[in-house]
Structures are given as structure tokens and as C-alpha cells.
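**Q** First the structure, which I've put down as C-alpha cells, then a few questions once you've had a look.
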Amino acid sequence: MRFEILRLDDVDGNAVDTTVVDVASVNRIVQQAAAIGQRILIRPAETASC
């Protein structure tokens with residue numbers, strides 16, 4: 001499963017950066033964001049339908 005991670009602006013909450021990662025990377029990214037006080041939004045990545 002893949003997740004989309006949006007890094008949010010501290011002032012207005014708008015997404016400033018988006019990346020799609022696999023489930024193994026989510027924990028690392030969450031810990032990095034928590035360490036520096038960065039706001040993020042995590043949601044399942046949309047998959048292309050066949």
C-alpha cells in the first residue's frame with residue numbers, strides 16, 4: 001500500500017510539498033516531522049485504475 005504525505009504550511013495549513021511513499025517509509029517520515037514540529041497530512045495514495 002502507498003501513502004501520500006503532504007507537508008503543511010505552519011501559517012495557513014496549505015500543502016507545500018507532496019510525496020508518495022510505501023508503508024515502510026511512513027513511520028520514518030512521521031518521526032522526522034515530529035522531531036522538528038512539522039505538520040503533515042497522511043492519506044492513502046490514489047491508484048490508477050486499469
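For the sequence shown, position 31 matches number 31 in our numbering, and the numbering has no gaps at all. No residue lacks a Cβ here, since even glycine has one placed at the ideal position from N, Cα and C.
Tell me the DSSP secondary structure of residue 24 in three-state form.
**A** Residue 24 sits at position 24 when you count from the first residue of the sequence shown. DSSP places residue 24 in helix when its eight states are reduced to three.
**Q** Since residue 4 is in the beta strand (DSSP E), which residue starts that stretch and which ends it?
**A** In the sequence shown, counting from the first residue as 1, residue 4 sits at position 4. Here the beta strand (DSSP E) through residue 4 covers 2 to 8.
**Q** Leaving aside the five residues before and after residue 33 along the sequence, list all residues of the same chain whose C-beta is less than 7 Å from its C-beta, in chain order.
**A** Against the sequence shown, residue 33 aligns to sequence position 33. Result list for residue 33: 40, in chain order.
**Q** My output table needs one value for residue 50: the three-state DSSP class, helix, strand or coil.
**A** Start at 1 with the first residue of the sequence shown, and residue 50 comes out as number 50. Only weak support is given to the placement of residue 50: the predicted model assigns it a pLDDT of 47, under 50, and the value that follows is read from those uncertain coordinates. Coil.
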